[in-house]
Amino acid sequence: MSATAAPTTGPIISFRDASKVFPARGRRPEVRAVDGVTLDVRAGEIFGVIGYSGAGKSTLVRLINALETTTGGSVVVDGTDLTGLSEARLRGVRAGIGMIFQQFNLLSARTVAGNVAYPLEVAGWPREKRRARVAELLDFVGIGDKADVHPAQLSGGQKQRVGIARALATSPRILLADEATSALDPETTQDVLALLRRVNRELGITVVVITHEMDVVRSICDRVAVMEHGKVVELGDAYQVFSRPKQPVTRRFVATALKDRPSAEVLERLRARHSGRIVTVGVDEVAGSSAVITRVLRERGVDGTVVFGGITEVAERPYGSLTLELVGDAAAVDGAVAALRGVTDVVDLGTAARPLEDPSVVRRGGPVGAEEDTAGAPRRGARVVGVADYGTFASGGGPAGGPTGMIEEDGDR
Amino acid sequence: MNWDTLGPLLWQAAGQTAYMVLITLVVGGFFGLLIGLGLYLTRPGNLLANRVVFSVLNVLINIIRPIPFIIFLVALGPLTRLAVGSVIGIEAFTFAMCVMASFVFARLVEQNLVSIDPGVIEAARAMGASPWRIVRTVLVPEALAPLVLGYTFLFIGVLDMSAIGGYLGAGGLGDFAIVHGYRQYDWAVTFVVVVIIVVIAQLAQLLGNVLARRALRR
Chain E
361 MSATAAPTTG PIISFRDASK VFPARGRRPE VRAVDGVTLD VRAGEIFGVI
411 GYSGAGKSTL VRLINALETT TGGSVVVDGT DLTGLSEARL RGVRAGIGMI
461 FQQFNLLSAR TVAGNVAYPL EVAGWPREKR RARVAELLDF VGIGDKADVH
511 PAQLSGGQKQ RVGIARALAT SPRILLADEA TSALDPETTQ DVLALLRRVN
561 RELGITVVVI THEMDVVRSI CDRVAVMEHG KVVELGDAYQ VFSRPKQPVT
611 RRFVATALKD RPSAEVLERL RARHSGRIVT VGVDEVAGSS AVITRVLRER
661 GVDGTVVFGG ITEVAERPYG SLTLELVGDA AAVDGAVAAL RGVTDVVDLG
711 TAARPLEDPS VVRRGGPVGA EEDTAGAPRR GARVVGVADY GTFASGGGPA
761 GGPTGMIEED GDR
Chain S
985 MNWDTLGPLL WQAAGQTAYM VLITLVVGGF FGLLIGLGLY LTRPGNLLAN
1035 RVVFSVLNVL INIIRPIPFI IFLVALGPLT RLAVGSVIGI EAFTFAMCVM
1085 ASFVFARLVE QNLVSIDPGV IEAARAMGAS PWRIVRTVLV PEALAPLVLG
1135 YTFLFIGVLD MSAIGGYLGA GGLGDFAIVH GYRQYDWAVT FVVVVIIVVI
1185 AQLAQLLGNV LARRALRR
């Protein structure tokens, strides 16, 4: 039913200064849920929108399939400008966009097969074609044996698979995932994310993922928008955004995903156990790999023992930090620290005897990274080890309470 | 107590009650579902949000429902005359029952629909379903079990209403109990009618429960 053929190039979804204001009702003041958002989602990518609850991300994604309509600006989806379209036309647009939900939103009165067939009925498919398509979809999501079961008998992960099969039924070009894994346990979350990645890679469907979980973005998103108070505060390549967070909210999300830096308490215990010089070095694609770090230490004749840290992946690229105890001749250790600064970010925490209590943010030399989003390889330099101001970062705690929780001692157990 | 003469009269009364109750259930059930859906759909923020229609329906239901039925019968008189040409008799009485039942059931329907998860409706909208399709394929099926129980509740209420049929000369079991039992100081007759009504109500409730459970089996 989409009226306009999609252009072969360019973004598949474009927001231009898009706003959604819910008018004041009763005693409740008006809410600017989405406030002047301009961004493009490229065809074929997995695009993440991350933010705490109330940031406006759910409303933003509902502007894409016109479950909400803009009060300002425009949204162009697959070549069709949704602004001012009639409700009947919007139904056609919606039918061409799949959507999955946090609470799955399956029809409890229908079987699994009945749920997956629903959008096909809406689209007017004949019964026989529906049956074949439903079987194919259930096989794709891996629950072919559950066709005649009612949703109430399924686990959360299975329900979301039904949701995904249903969303894919009419072969949409876009799939919207609204907190699709937030009601699932970590293991099931990974299964569902893997399925979404398959949907993206095998079927070429553009996926827009809304989440408040950094892990989701980290696992599957190519690009990401960070939202706060209805605005997009950071936008770009997922790796870049999270390896060089500029906004406090972004830094909080990064911290929730990786508790790689020792808290003040952990640091105290580390110093009790290790008398040598303690330094935290950044490990990511921009800065040194752990191999490079090892080589520097070897060249200087210094022993480095990993005492804390963590390395994970963001957008399938390494990211994290290691805290090392450096043991050796004092001058050699000083030289090693200086050399390390040449290859990565270093936070010098001093020794147990002469602790550096207030480690400042240390930057490597070289040009400061460009502000604009470049799709290619991230520039060297300017990776900010902002989270290294251990004690004080926690005081920036937001509504989600993430930041205080992030400096846990998981790595110390 | 003479069952040879009372027997046929009781049978006739039962027929009158069946007539009134069944017609009311069909007509009141239909219009009640319609008004209830209208009330639900036009509620602010819902599919066909319309403040004016919602307010009118809402106020109308709130006004009519609490009126004692025996007073409502009289108050509806002019409208009843317009509709069935008379203010007494079984047709007039059944008309009043239909009107009252519609509004009673409308509220029951609305309350059951409100309990449906809005997320499911949003999912249907996201798949491009029209409001009418959502009514048919989401609202009614998802709320079917409570709707069946609500309808059972309506049946008992309608049976109750029908008991004062004698007031407009409509006859029925209630009238029979009053005329041949209460006024004759014949407690046995009253008792028999009470037992009959209780048995009917029990059977209806049993049937309703079974159907609702079947609707819920998922």
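Chains as they are written, first to last, in the working numbering: chain E, 361 to 773; chain S, 985 to 1202.
Even glycine gets a Cβ: it sits at the ideal position worked out from N, Cα and C.
So residue i is in the beta strand (DSSP E); what residue range does that whole segment cover?
i, result
"residue 588 of chain E", "583–588"
"residue 395 of chain E", "391–402"
"residue 408 of chain E", "406–410"
"residue 460 of chain E", "457–461"
"residue 566 of chain E", "566–571"
"residue 706 of chain E", "706–708"
Along the chain, where does the alpha helix (DSSP H) containing residue i start, and where does it finish?
i, result
"residue 545 of chain E", "No alpha helix (DSSP H) holds residue 545 of chain E; DSSP gives it neither H nor E."
"residue 1008 of chain S", "987–1026"
"residue 1212 of chain S", "Because chain S here runs from 985 to 1202, residue 1212 of chain S falls outside it and cannot be looked at."
"residue 1159 of chain S", "1157–1160"
"residue 534 of chain E", "It is not in any alpha helix (DSSP H) - residue 534 of chain E instead sits in the beta strand (DSSP E) that spans 534–538."
"residue 508 of chain E", "Run containing residue 508 of chain E: none; DSSP gives neither H nor E here."
"residue 1171 of chain S", "1171–1200"
"residue 623 of chain E", "That residue, residue 623 of chain E, is in no alpha helix (DSSP H); it is neither H nor E in DSSP."
"residue 419 of chain E", "417–424"
"residue 1064 of chain S", "1061–1068"
"residue 1111 of chain S", "Element bounds for residue 1111 of chain S: n/a, residue is neither H nor E."
"residue 489 of chain E", "487–501"
"residue 1115 of chain S", "1115–1118"
"residue 519 of chain E", "516–528"
"residue 1144 of chain S", "1128–1146"
"residue 971 of chain S", "Examination of residue 971 of chain S is not possible in this model, given that chain S is present from 985 through 1202 alone."
Based on DSSP bridge pairs, tell me the residues matched to residue i.
i, result
"residue 375 of chain E", "E:399, E:435"
"residue 682 of chain E", "E:641, E:669"
"residue 591 of chain E", "E:588"
"residue 597 of chain E", "E:583"
"residue 440 of chain E", "E:437"
"residue 380 of chain E", "E:394"
"residue 664 of chain E", "E:686"
"residue 674 of chain E", "E:677"
"residue 715 of chain E", "E:710"
"residue 388 of chain E", "E:385"
Starting from residue i, find everything on chain E with Cβ-Cβ shorter than 7 Å and list it in chain order.
i, result
"residue 1122 of chain S", "467"
"residue 1128 of chain S", "469"
"residue 930 of chain S", "Beyond the ends of chain S as shown, which are 985 and 1202, falls residue 930 of chain S; an answer cannot be given."
"residue 1110 of chain S", "425, 427, 454, 459"
"residue 1113 of chain S", "482"
"residue 1035 of chain S", "By Cβ distance, chain E contributes nothing, its closest Cβ being about 12 Å from residue 1035 of chain S, past 7 Å."
"residue 1196 of chain S", "Those within 7 Å of residue 1196 of chain S in chain E number zero; the least Cβ separation is about 13 Å."
"residue 1049 of chain S", "Going along chain E, no residue has its Cβ under 7 Å from residue 1049 of chain S, so there is no contact; the nearest lies around 26 Å."
Going along chain S, which residues have a C-beta under 8 Å from residue i?
i, result
"residue 463 of chain E", "1101, 1103"
"residue 479 of chain E", "1111, 1112"
Taking the CB atoms as reference points, tell me whether residue i and residue j lie closer together than 8 Å.
i, j, result
"residue 603 of chain E", "residue 679 of chain E", "yes"
"residue 593 of chain E", "residue 601 of chain E", "no"
"residue 520 of chain E", "residue 540 of chain E", "yes"
"residue 1032 of chain S", "residue 1026 of chain S", "yes"
"residue 690 of chain E", "residue 660 of chain E", "no"
"residue 373 of chain E", "residue 424 of chain E", "yes"
"residue 532 of chain E", "residue 457 of chain E", "yes"
"residue 477 of chain E", "residue 500 of chain E", "no"
"residue 1059 of chain S", "residue 1051 of chain S", "yes"
For a contact defined as C-beta to C-beta under 9 Å, what are the partners of residue i on chain E?
i, result
"residue 1039 of chain S", "Near residue 1039 of chain S there are no residues of chain E at all, since even the closest Cβ is about 15 Å away, more than 9 Å."
Which chain S residues are close to residue i, counting only those with a beta carbon under 9 Å from its beta carbon?
i, result
"residue 389 of chain E", "Ordered by position in chain S, no residue passes the 9 Å Cβ test against residue 389 of chain E, which lies about 17 Å from the chain."
Name the chain S residues that come within less than 7 Å of residue i, Cβ to Cβ?
i, result
"residue 451 of chain E", "1112, 1114"
Starting from the beta carbon of residue i, find every residue of chain E whose beta carbon is closer than 8 Å, and list them in chain order.
i, result
"residue 1125 of chain S", "467, 469, 470"
"residue 1117 of chain S", "482"
Subject >> Given 8 Å, three or more beta-carbon pairs between the stretch 1111–1120 of chain S and the stretch 1043–1054 of chain S >> reply: Counting C-beta pairs with one atom in each stretch, the stretch 1111–1120 of chain S and the stretch 1043–1054 of chain S have fewer than three that are closer than 8 Å, which means they do not touch.
Original post:
Does the count of Cβ pairs from the stretch 416–430 of chain E and the stretch 379–390 of chain E closer than 8 Å reach three?
Top reply: Three or more Cβ pairs drawn from the stretch 416–430 of chain E and the stretch 379–390 of chain E lie within less than 8 Å of each other, which places the two stretches in contact.
Original post:
With contact counted as at least three CB pairs below 8 Å, one residue from each stretch, are the stretch 1152–1167 of chain S and the stretch 476–492 of chain E in contact?
Top reply: As far as the Cβ criterion goes, the stretch 1152–1167 of chain S does not touch the stretch 476–492 of chain E, which means the pair count is below three.
**OP:** Determine, using beta-carbon pairs with one atom in the stretch 462–471 of chain E and one in the stretch 436–449 of chain E, whether at least three such pairs fall under 8 Å.
**Re:** No, the stretch 462–471 of chain E does not touch the stretch 436–449 of chain E.
Subject >> Cβ contact check for the stretch 1179–1192 of chain S and the stretch 1128–1138 of chain S: 3 or more pairs under 8 Å >> reply: Yes: at least three Cβ pairs fall under 8 Å.
Original post:
Does the count of Cβ pairs from the stretch 707–714 of chain E and the stretch 650–661 of chain E closer than 8 Å reach three?
Top reply: Inter-segment contact for the stretch 707–714 of chain E and the stretch 650–661 of chain E is absent: fewer than three beta-carbon pairs are separated by less than 8 Å.
**OP:** Count the CB pairs spanning the stretch 511–518 of chain E and the stretch 556–567 of chain E that are closer than 8 Å, and state whether there are at least three.
**Re:** Touching, no.
Subject >> the stretch 618–634 of chain E contacting the stretch 657–672 of chain E, beta-carbon criterion three pairs below 8 Å >> reply: In short, these stretches touch, since the Cβ pair count reaches three.
Original post:
Is the stretch 995–1011 of chain S close to the stretch 1076–1085 of chain S, with three or more CB pairs under 8 Å?
Top reply: These segments touch.
Original post:
Does the count of Cβ pairs from the stretch 1052–1065 of chain S and the stretch 1123–1131 of chain S closer than 8 Å reach three?
Top reply: Here the stretch 1052–1065 of chain S makes no contact with the stretch 1123–1131 of chain S; the two share fewer than three CB pairs at distances below 8 Å.
Original post:
Touching or not, the stretch 695–702 of chain E and the stretch 608–618 of chain E, by the rule of three or more beta carbon pairs under 8 Å?
Top reply: When C-beta atoms of the stretch 695–702 of chain E are compared with those of the stretch 608–618 of chain E, fewer than three pairs fall below 8 Å, so the two segments do not count as touching.
**OP:** Examine the Cβ distances between the stretch 699–711 of chain E and the stretch 628–640 of chain E and report whether three or more of them are shorter than 8 Å.
**Re:** A contact between stretches requires three or more CB pairs, one per stretch, nearer than 8 Å, and the stretch 699–711 of chain E meets this requirement with the stretch 628–640 of chain E.
**OP:** Determine contact between the stretch 1092–1110 of chain S and the stretch 1174–1187 of chain S, defined as no fewer than three beta-carbon pairs at a distance below 8 Å.
**Re:** Short answer: they don't touch.
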